[in-house]
Amino acid sequence: MIVPISKDLFPDLVKIALQEFSALYQTEVHAELEDIVHGRCFGLCAVNDGRPIGYVIAKRTVDTYHLLTIAVDENHRGKGYGSRLLDGIFAEVAQQGGRILNVITDADASESLRFYLKNGFFLTGIVQDEFISGVAQVHLTRRMGSSLKPINFTTA
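Structure (structure tokens):
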């Protein structure tokens, strides 16, 4: 089941996030969740057997939307929960009148890149040293209702 993120879910969502992120990012994870309470962004949570197992957070920028975080409990990965969370965010973005959802991830995060490409995102750019010196970031975009087809680089 996919539900809106509420404050009572925060402790479980922080635990899920910290499976992937260093404990150094705990303050940022809490701040991002608090931004939901203050209306600066919005998010959804996947729940299984009454327990949170993943979540996604996005925010509106000038006239597009940006995917801030998606995290799924390591024991529930590969079961479609991440794709369902993205489907929910796409629906929310569309309901708000949005047409473009952007995300940034590390260029060497091949599992994440495959996930985003599988879910309709397209590579739109690569930036070196954007957030961390020596690390390239990949920019991906999903356009709502787009009829564009991904490029197959093995045959193009």
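Last residue of the sequence shown: 270 in my numbering, with the numbers rising by one and none dropped. Glycine included, each C-beta is placed from N, C-alpha and C at the ideal position. Predicted, not measured: the structure shown is a model, and the values here were computed from it.
With H, G and I counted as helix, E and B as strand and the rest as coil, what does DSSP make of residue i?
{"i": "F156", "result": "strand"}
{"i": "K173", "result": "strand"}
{"i": "R228", "result": "helix"}
{"i": "I246", "result": "coil"}
{"i": "N162", "result": "strand"}
{"i": "S261", "result": "Caution applies to S261, whose pLDDT of 43 falls short of 50 and renders its modelled position unreliable; the model cannot decide the point."}
Give the DSSP bridge partners of residue i, in chain order.
{"i": "Q251", "result": "D220 and V241"}
{"i": "L333", "result": "In the structure displayed, the chain extends from 115 to 270; residue 333 sits before or after that span and is not available."}
{"i": "V117", "result": "C159"}
Could you check how far apart the C-beta atoms of residue i and residue j are, in whole angstroms? I think they sit under 8 Å.
{"i": "V217", "j": "L181", "result": "4 Å"}
{"i": "L237", "j": "V252", "result": "7 Å"}
{"i": "D126", "j": "R165", "result": "7 Å"}
{"i": "G196", "j": "I184", "result": "6 Å"}
{"i": "A172", "j": "I203", "result": "5 Å"}
Decide if residue i is buried, meaning its Cβ has at least 16 other Cβ atoms within 10 Å, or exposed.
{"i": "V207", "result": "buried"}
{"i": "I130", "result": "buried"}
{"i": "V151", "result": "exposed"}
{"i": "R256", "result": "buried"}
{"i": "V241", "result": "exposed"}
{"i": "D243", "result": "exposed"}
{"i": "T268", "result": "Reliability fails at T268, whose pLDDT of 43 lies under 50, so the model's placement of it is uncertain and the value that follows must be treated cautiously. Counting Cβ neighbours within 10 Å, T268 comes out exposed, since fewer than 16 surround it."}
{"i": "A205", "result": "exposed"}
{"i": "A137", "result": "exposed"}
{"i": "E148", "result": "exposed"}
{"i": "D187", "result": "buried"}
{"i": "I119", "result": "buried"}
{"i": "A160", "result": "buried"}
What residue does the alpha helix (DSSP H) around residue i start on, and which one ends it?
{"i": "L138", "result": "That residue, L138, is in no alpha helix (DSSP H); it is neither H nor E in DSSP."}
{"i": "I203", "result": "Y195 to Q209"}
Start and end of the beta strand (DSSP E) containing residue i?
{"i": "L123", "result": "Where L123 is concerned, there is no enclosing beta strand (DSSP E), given that its DSSP letter is neither H nor E."}
{"i": "I184", "result": "Y179 to V186"}
Would you say residue i touches the ligand COA, meaning its beta carbon is less than 7 Å from a heavy atom?
{"i": "R198", "result": "Because no ligand of any kind appears in the structure shown, any question about the ligand COA cannot be addressed here."}
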